[in-house]
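Residue numbers (this note's numbering): 1 to 496.
Written out below as structure tokens is the structure these notes cover.
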């Protein structure tokens with residue numbers, strides 16, 4: 001049984017003329033009929049429709065809806081048009097395909113008056129009919145038509161409560177589009193679920209072509225790159241398979257489909273995990289190589305995380321509290337560990353401390369060889385910083401250029417402003433924290449991160465503590481405040 005509901009948000013009357021025989025070169029001598037394109041909307045299905053092409057089957061809960069009125073027809077009819085514009089194959093096996101699905105509804109001309117009379121009212125369209133539970137596109141074709149038998153429909157006018165399955169179908173559609181059947185556990189699965197619930201709450205209906213879907217996939221992939229160490233060797237995973245962990249979700253699915261099941265299992269488990277809970281105080285006291293994020297293969301990159309946060313905020317009202325919490329935690333961790341590396345570093349050059357990872361070691365070398373090693377390391381660090389700074393400024397400019405719609409002057413103003421803020425943050429923190437004050441500030445920052453380690457934290461209290469630590473000299477990314485403000489607003493709504 002094929003059943004669906006469409007909340008008609010817009011009706012556009014478009015008059016067209018059709019000819020009885022489109023193959024004739026002289027349409028002026030042919031009988032004509034008139035039709036009107038009335039409704040272009042989305043139809044939410046009560047249960048998923050399975051679409052099969054060759055060996056691969058996809059599940060969809062939302063199809064495009066196109067309603068026309070036609071003076072030539074006497075009774076309503078409908079047919080489903082399925083198209084696969086892109087098919088991805090490997091070794092003659094389909095591993096995925098893109099899908100365009102549209103339900104075309106044709107109504108007699110008399111229905112146009114009813115539709116026009118209710119343009120300014122809430123209009124809902126219920127549709128039902130018989131269709132095979134699994135529609136199949138023949139292997140040699142890229143599209144097919146499927147008639148909807150025993151077709152029935154009804155218009156509902158005014159404020160009406162939608163059935164329970166309506167939101168559930170939107171949620172499942174979003175989750176299916178973002179994710180993969182392979183990803184059933186872990187933080188990635190939770191992020192996908194968050195966005196699914198958010199799309200249902202906000203009645204945001206999406207398909208394969210939706211820009212939000214593409215951006216969410218990018219954010220998940222980019223977050224992994226921003227958090228993971230480039231040099232980490234994953235246990236139980238072969239070196240040639242490391243690269244798959246940085247793929248987009250759909251590319252990851254396609255890449256591992258031919259691997260042995262045990263290898264797939266290890267990769268899927270690692271792919272689902274993005275960030276962990278780390279004890280900063282233990283890492284500072286006993287070494288990052290034993291208790292820090294780098295011991296587990298993580299090396300959060302602050303600028304990359306901030307860029308992800310900026311794009312995440314643009315997705316509103318689509319939200320993922322799991323993704324927000326990971327960003328808040330990792331940004332606080334990155335700032336705290338960087339400050340700790342700076343003030344606790346024992347490596348110096350010309351009397352100036354060189355920020356270095358806090359590594360616990362009983363084998364401390366002295367003498368000329370150690371000085372040479374420190375100087376070489378310092379020069380290498382400076383070179384990396386210079387290249388990194390050029391890249392950061394370039395990325396900032398291109399993002400600003402996109403935001404300002406290619407206004408170069410405005411883009412440079414934003415670029416220089418943000419760059420000076422980053423430089424000022426380093427100078428401000430260094431200038432306002434000396435000696436014992438630095439150690440005291442580091443303790444406060446460590447306690448703040450410990451608070452953020454609890455993913456059930458109270459966002460209002462965390463924000464207050466963030467302000468308090470900032471007042472003592474720490475400079476955290478302003479994007480942390482933006483993310484917390486969203487969560488505080490959620491908390492207020494739930495209390496009302």
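Backbone N, C-alpha and C fix where the C-beta goes; we use that ideal spot for every residue, glycine too.
Assigned exposure category for residue 166 - 16 Cβ within 10 Å defines buried: Position 166 of the chain shown, counting from 1, holds the residue named residue 166. By the neighbour-count rule (16 or more Cβ atoms within 10 Å), residue 166 is buried.
CA nearest to the CA of residue 482, picked from 472, 190 and 310: Start at 1 with the first residue of the chain shown, and residue 482 comes out as number 482. Closest option to residue 482, Cα to Cα, is 310.
Secondary structure of residue 273, DSSP reduced to three states: Counted from its first residue, the chain shown places residue 273 at position 273. In this structure, residue 273 counts as coil in the three-state DSSP scheme.
Alpha-carbon spacing of residue 378 relative to residue 308, whole angstroms: In the chain shown, counting from the first residue as 1, residue 378 sits at position 378. In the chain shown, counting from the first residue as 1, residue 308 sits at position 308. Because residue 378 carries a pLDDT of 44, less than 50, the predicted location of this residue cannot be relied on, and no value is offered for it.
Selected residue, minimal CA-CA separation from residue 334, among 323, 312, 322 and 301: Counted from its first residue, the chain shown places residue 334 at position 334. Comparing Cα-Cα distances from residue 334 to each of 323, 312, 322 and 301, the minimum goes to 301.
Status (buried if at least 16 other CB within 10 Å, exposed otherwise) for residue 497: Residue coverage of the chain in this structure runs from 1 to 496, which leaves residue 497 outside it and unanswerable.
Status (buried if at least 16 other CB within 10 Å, exposed otherwise) for residue 480: Here residue 480 corresponds to residue number 480 of the chain shown, with the count starting at 1. Buried: at least 16 other Cβ atoms inside 10 Å.
Simplified DSSP assignment, three categories, for residue 315: As a first step, residue 315 is located in the chain shown; it is residue number 315 there, counting from the start. Residue state, collapsed to three classes: coil.
Residue 83 - containing beta strand (DSSP E), residue span: Position 83 of the chain shown, counted from the start, is the residue given in the question as residue 83. Counting along the chain, the beta strand (DSSP E) containing residue 83 begins and ends at 77–83.
Option nearest residue 149 by Cα separation, candidates 464, 305 and 3: Position 149 of the chain shown, counted from the start, is the residue given in the question as residue 149. Nearest of 464, 305 and 3 to residue 149, Cα basis: 3.
Local Cβ density within 10 Å of residue 111, reported as buried at 16 or more and exposed below that: The residue given as residue 111 occupies position 111 in the chain shown. Classification for residue 111: buried.
For residue 70, the three-state DSSP class (helix, strand or coil): Within the chain shown, numbered from 1, the residue matching residue 70 stands at position 70. Here residue 70 sits in strand by DSSP.
Nearest candidate by alpha-carbon position, reference residue 485, set 154, 458 and 185: Residue 485 sits at position 485 when you count from the first residue of the chain shown. For the residues 154, 458 and 185, the minimum Cα distance to residue 485 belongs to 458.
Limits of the unbroken beta strand (DSSP E) element including residue 135: Numbered from 1 along the chain shown, position 135 holds the residue referred to as residue 135. Unbroken beta strand (DSSP E) run through residue 135: 134–137.
Proximity of residue 103 and residue 81 at Cβ, strictly below 9 Å: Within the chain shown, numbered from 1, the residue matching residue 103 stands at position 103. Within the chain shown, numbered from 1, the residue matching residue 81 stands at position 81. Result yes, Cβ atoms of residue 103 and residue 81 sit closer than 9 Å.
Under 9 Å between C-beta atoms of residue 85 and residue 100: Reading the chain shown from its first residue, position 85 is the one you call residue 85. Reading the chain shown from its first residue, position 100 is the one you call residue 100. Yes, these two residues count as a Cβ contact at 9 Å.
Euclidean distance between Cα positions of residue 222 and residue 252: In the chain shown, counting from the first residue as 1, residue 222 sits at position 222. In the chain shown, counting from the first residue as 1, residue 252 sits at position 252. If you take the alpha carbons of residue 222 and residue 252, they lie about 14 Å apart.
DSSP state of residue 124 mapped onto helix, strand, coil: By 1-based counting over the chain shown, the position of residue 124 is 124. Strand at residue 124.
Segment contact, 8 Å Cβ cut-off, at least three pairs: the region 34–48 with the region 61–68: yes
Straight-line Cα distance separating residue 204 from residue 277: Here residue 277 corresponds to residue number 277 of the chain shown, with the count starting at 1. Here residue 204 corresponds to residue number 204 of the chain shown, with the count starting at 1. In a straight line, the C-alpha of residue 277 is about 33 Å away from that of residue 204.
One or two residues paired with residue 60 in a DSSP bridge: The sequence position of residue 60 within the chain shown is 60, counting from 1. Answer is 49.
Through-space distance from residue 289 to residue 370, alpha-carbon basis: Residue mapping note: residue 370 aligns to position 370 of the chain shown, counting from 1. Residue mapping note: residue 289 aligns to position 289 of the chain shown, counting from 1. Residue confidence is low: residue 370 scores 37 on pLDDT, short of 50, so the model does not pin down where it sits. No coordinate-derived value is stated.
Inter-stretch contact at 8 Å, needing at least 3 Cβ pairs: the region 224–243 / the region 290–299: yes
Residue from 219, 306, 208 and 83 with nearest C-alpha to residue 51: Working through the chain shown from its first residue, we reach residue 51 at position 51. Answer by Cα proximity: 83.
Chain-order list of residues whose beta-carbon lies under 7 Å from that of residue 313 (same chain, five-residue window excluded): Here residue 313 corresponds to residue number 313 of the chain shown, with the count starting at 1. Correct list, in chain order: 482.
Beta-carbon gap between residue 71 and residue 109 smaller than 9 Å: For the purposes of this step, residue 71 is taken as residue 71 along the chain shown, with counting starting at 1. For the purposes of this step, residue 109 is taken as residue 109 along the chain shown, with counting starting at 1. The answer is yes: Cβ separation under 9 Å.
CA nearest to the CA of residue 233, picked from 338, 270, 323 and 116: Counting from one through the chain shown, the residue named residue 233 turns up at place 233. It is 270.
Top-ranked residue by Cα proximity to residue 188, from 217, 282, 198 and 338: By 1-based counting over the chain shown, the position of residue 188 is 188. The option with the nearest alpha carbon to residue 188 is 217.
Proximity below 9 Å, CB of residue 182 to CB of residue 256: Here residue 182 is taken as the residue at index 182 of the chain shown, counted from 1. Here residue 256 is taken as the residue at index 256 of the chain shown, counted from 1. Yes. Within cutoff.
Status (buried if at least 16 other CB within 10 Å, exposed otherwise) for residue 456: Translated into positions along the chain shown, residue 456 becomes position 456. Exposed, since its Cβ has fewer than 16 Cβ neighbours within 10 Å.
Helix, strand or coil at residue 279 according to DSSP, with G and I counted as helix: By 1-based counting over the chain shown, the position of residue 279 is 279. Of the three classes helix, strand and coil, the one that applies to residue 279 here is coil, per DSSP.
Under 9 Å between C-beta atoms of residue 477 and residue 240: Residue mapping note: residue 477 aligns to position 477 of the chain shown, counting from 1. Residue mapping note: residue 240 aligns to position 240 of the chain shown, counting from 1. Contact flag unset, no.
Alpha carbon of residue 158 to alpha carbon of residue 63, nearest angstrom: Numbered from its first residue, the chain shown carries residue 158 at position 158. Numbered from its first residue, the chain shown carries residue 63 at position 63. Roughly 23 Å separates the two Cα atoms.
Three-way DSSP call (helix, strand, coil) for residue 407 in this model: As a position in the chain shown, residue 407 is number 407, starting the count at 1. Here residue 407 sits in coil by DSSP.
Residue 134 versus 211, 198 and 47, residue with shortest Cα-Cα distance: Within the chain shown, numbered from 1, the residue matching residue 134 stands at position 134. Closest by alpha carbon: 47.
Residue from 394, 438 and 328 with nearest C-alpha to residue 419: Counting from one through the chain shown, the residue named residue 419 turns up at place 419. The option with the nearest alpha carbon to residue 419 is 394.
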